[in-house]
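Asker: Under the working numbering, the residues of the sequence shown are numbered 2 to 455, in order. Cβ atoms here follow ideal geometry from the backbone N, Cα and C, with glycine treated the same way. First the structure, then my questions, so here it is.
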Amino acid sequence: MDKKLVLVSPSYQYRNKSLRWLAKSITVAPPLGLLYVAEAAKSIGWSVEIIDSEMEEYSLGTVVNKVISAAPDLVGITVTTPFLQSAIQISEGVKKIASIPVIMGGAHPTAKGLETLLDCFDFALQGEGDEAFKHFLNAFEGNGRYSDIAGLIYRDNGEVFSNSSQQLENLDRLAVPERGLLNLKKYVSRVPNHGTKRYTSIMATRGCPYECVFCAVQTMYGRTLRFRPVEDVIEEIKVCIKNYNITHFHFVDDTLTVNKNYVRKLCRSISDNDLDITWEGWTRADCIDEELLALMMSTGFVRISFGVETGNPEVMKNLKKDMNHGHINAAFELASKMGLEARCSVMIGNPGETRKTLWDTINFIRDNDNIKYSTLSIATPYPGTELAEMAKEGRHGLKLNITDETKFLRYFSPTMQMNDLSMSNLKIMQVVGLIWMHMTPAKIVGSIKRFGFF
Numbered sequence: 002m003d004k005k006l007v008l009v010s011p012s013y014q015y016r017n018k019s020l021r022w023l024a025k026s027i028t029v030a031p032p033l034g035l036l037y038v039a040e041a042a043k044s045i046g047w048s049v050e051i052i053d054s055e056m057e058e059y060s061l062g063t064v065v066n067k068v069i070s071a072a073p074d075l076v077g078i079t080v081t082t083p084f085l086q087s088a089i090q091i092s093e094g095v096k097k098i099a100s101i102p103v104i105m106g107g108a109h110p111t112a113k114g115l116e117t118l119l120d121c122f123d124f125a126l127q128g129e130g131d132e133a134f135k136h137f138l139n140a141f142e143g144n145g146r147y148s149d150i151a152g153l154i155y156r157d158n159g160e161v162f163s164n165s166s167q168q169l170e171n172l173d174r175l176a177v178p179e180r181g182l183l184n185l186k187k188y189v190s191r192v193p194n195h196g197t198k199r200y201t202s203i204m205a206t207r208g209c210p211y212e213c214v215f216c217a218v219q220t221m222y223g224r225t226l227r228f229r230p231v232e233d234v235i236e237e238i239k240v241c242i243k244n245y246n247i248t249h250f251h252f253v254d255d256t257l258t259v260n261k262n263y264v265r266k267l268c269r270s271i272s273d274n275d276l277d278i279t280w281e282g283w284t285r286a287d288c289i290d291e292e293l294l295a296l297m298m299s300t301g302f303v304r305i306s307f308g309v310e311t312g313n314p315e316v317m318k319n320l321k322k323d324m325n326h327g328h329i330n331a332a333f334e335l336a337s338k339m340g341l342e343a344r345c346s347v348m349i350g351n352p353g354e355t356r357k358t359l360w361d362t363i364n365f366i367r368d369n370d371n372i373k374y375s376t377l378s379i380a381t382p383y384p385g386t387e388l389a390e391m392a393k394e395g396r397h398g399l400k401l402n403i404t405d406e407t408k409f410l411r412y413f414s415p416t417m418q419m420n421d422l423s424m425s426n427l428k429i430m431q432v433v434g435l436i437w438m439h440m441t442p443a444k445i446v447g448s449i450k451r452f453g454f455f
């Protein structure tokens with residue numbers, strides 16, 4: 002009889018329903034990492050069920066009950082730091098009822114290592130789990146040794162051990178994940194000029210060569226940029242269209258256009274295969290040009306997102322973003338001229354932040370009519386980032402007030418103060434700033450379109 006695996010994407014513990022609605026409209030995407038892990042398990046004969054509790058809006062009790070009802074041999078939970086508390090509660094809830102082993106994976110255990118293995122978790126997997134998880138399952142069934150599994154954290158006679166992790170060098174070994182494991186009717190997106198479409202996340206590259214202090218991507222995927230063969234990406238798109246009627250694709254690459262020749266090849270392949278799709282992705286403002294955007298748009302590219310981070314040049318230097326606001330203004334002007342929807346993200350509470358620099362950021366977004374919509378977050382010193390080290394050392398006026406990482410949440414939950422800004426100031430200014438920077442005619446229309454009111 003096949004072994005059974007239940008994979009869980011935890012649900013964020015929202016304070017109210019409006020925050021859940023806002024988050025889902027911006028950030029919730031199919032859990033691509035879990036889909037790859039599921040494919041690894043299926044390849045060696047395991048049956049798999051995925052519970053995306055964030056998208057399904059499940060309560061903690063519902064998630065625990067669904068896990069128990071599935072009667073799995075193993076439970077896997079993907080964990081980024083904002084979801085750590087939820088993951089702990091799920092594992093504890095399951096173990097109160099049944100003695101089911103639980104393994105956690107994702108960015109948080111990758112950054113924290115040995116500290117990750119709390120009593121409610123039996124195993125943790127660091128780094129990219131595509132191949133390592135398959136080897137772990139074999140060892141779990143008695144066909145191998147835990148000590149040989151790259152990135153595995155485990156217990157042996159009460160002692161915790163941690164194996165060094167390794168990256169997947171050849172992304173051409175990735176299988177096309179079975180998206181039918183998800184409740185696909187839930188994953189819909191408002192697509193510019195195309196109404197509402199079923200969508201999925203997809204990945205063409207891993208890694209990022211840049212050194213932004215707030216980003217943990219290098220901990221998970223490294224600074225070396227690795228590429229999937231374009232043919233594999235195209236094949237995955239074809240499978241999504243044929244099997245699941247998915248026609249909108251959100252590329253979750255950290256900097257989609259960092260290698261323009263790769264993107265050109267991807268566009269040519271989309272065109273050569275007559276793929277009637279729409280697609281979008283994140284990149285840097287200094288990694289685009291008119292020729293590239295025109296080619297991308299000719300193949301259905303409809304929305305681009307930029308990480309702007311701050312409106313103050315000195316704070317930008319502290320973030321090691323290696324970007325100037327001339328690049329940013331030019332990128333949004335170009336997108337506007339070409340009729341491409343462009344949005345961005347900014348943060349407050351950065352290294353060196355003051356009341357003045359905070360308002361520089363808010364007004365930078367407000368004063369640029371080419372920016373139709375922006376998110377506004379509070380900088381958080383996530384494990385594995387240089388920002389975490391800055392906060393611990395008190396650099397650039399930072400003072401870390403909260404060290405309990407279960408409180409490193411996404412919304413209105415500052416963990417640091419800096420210079421003349423208290424945590425209460427930051428919490429208030431996140432609300433005030435988000436409203437003020439969008440209170441212009443152009444941005445009101447952009448926000449209404451973004452959230453689908455017409």
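Evaluate Glu342 with the Cβ neighbour count: other Cβ atoms within 10 Å of its Cβ, from every protein chain shown; 16 or more gives buried, anything less gives exposed.
Answerer: It counts as buried.
Asker: In three-state terms, what does DSSP make of Cys213?
Answerer: Coil at Cys213, not helix or strand.
Asker: Between Pro32 and Phe84, is the Cβ-Cβ spacing less than 8 Å?
Answerer: The answer is no: Cβ separation not under 8 Å.
Asker: With distances taken from CA atoms, which of Asp405, Val9 and Gly350 is nearest Leu183?
Answerer: Residue Val9 is the option with its Cα nearest to Leu183.
Asker: Report the start-end ranges of each alpha helix (DSSP H) in the stretch 267 to 347 that is 4 residues or longer and not cut off at the edges.
Answerer: The stretch 267 to 347 contains these whole alpha helix (DSSP H) runs: 291 to 299, 314 to 319 and 326 to 339.
Asker: On a CA-only basis, which of Thr82, Ser272 and Val432 is nearest Gly107? Give me that one, please.
Answerer: Nearest of Thr82, Ser272 and Val432 to Gly107, Cα basis: Thr82.
Asker: Would you list, in sequence order, the uninterrupted beta strand (DSSP E) runs of no fewer than 3 residues that lie entirely inside the stretch 350 to 405?
Answerer: If we require 3 residues or more, the beta strand (DSSP E) runs fully inside the stretch 350 to 405 come out as 375 to 379 and 399 to 401.
Asker: Below 6 Å CB to CB, which residues in the same chain sit around His439 once its five sequence neighbours on both sides are set aside?
Answerer: So the qualifying residues of the chain are Ser448.
Asker: Going by DSSP in three states, Val80 sits in which element: helix, strand or coil?
Answerer: If DSSP states are grouped into helix, strand and coil, Val80 belongs with coil.
Asker: Work out the CA separation of Val192 and Val446 for me, nearest whole Å.
Answerer: Those two C-alpha atoms are separated by around 15 Å.
Asker: Going by beta-carbon coordinates alone, are Trp435 and Met417 separated by less than 8 Å?
Answerer: The sequence as given places Leu at residue 435; Trp does not occur at that position. No. Outside cutoff.
Asker: Give every residue of the same chain whose Cβ lies closer than 8 Å to the Cβ of Asn371, excluding the five residues on either side of it in the sequence, and list them in chain order.
Answerer: Only Asn330, Phe333, Glu334, Ala336, Ser337 and Ala343 meet the Cβ criterion.
Asker: Are the beta-carbon atoms belonging to Met339 and Ala295 less than 8 Å from one another?
Answerer: Yes, these two residues count as a Cβ contact at 8 Å.
Asker: Measuring straight from C-alpha to C-alpha, what distance separates Gly308 and Trp283?
Answerer: Going from the Cα of Gly308 to the Cα of Trp283 covers about 8 Å.
Asker: By the DSSP assignment, the beta strand (DSSP E) with Lys186 in it spans what residues?
Answerer: Element bounds for Lys186: n/a, residue is neither H nor E.
Asker: When you compare only the Cα positions, how much space is there between Cys209 and Lys318?
Answerer: Their Cα atoms are separated by approximately 18 Å.
Asker: When DSSP builds the beta bridges, which residues end up paired with Arg227?
Answerer: Its beta-bridge partners are Arg207.
Asker: Per DSSP, Leu410 forms a beta bridge with which residues?
Answerer: DSSP output for Leu410 lists no bridge partner at all.
Asker: Taking the straight line between their C-alpha atoms, what separation do you get for Gln90 and Ile104?
Answerer: C-alpha separation (whole angstroms): 14 Å.
Asker: Take Phe137 as the anchor and find which of Leu119, Asp120, Pro352 and Ser166 has the nearest alpha-carbon.
Answerer: When only C-alpha atoms are compared, the closest one is Ser166.
Asker: Suppose contacts are defined by Cβ-Cβ distances below 8 Å. Is Asp131 in contact with Tyr37 by that definition?
Answerer: Cβ atoms of Asp131 and Tyr37: closer than 8 Å.
Asker: Does the separation of the CB atoms of Ser48 and Lys5 fall below 8 Å?
Answerer: Contact flag set, yes.
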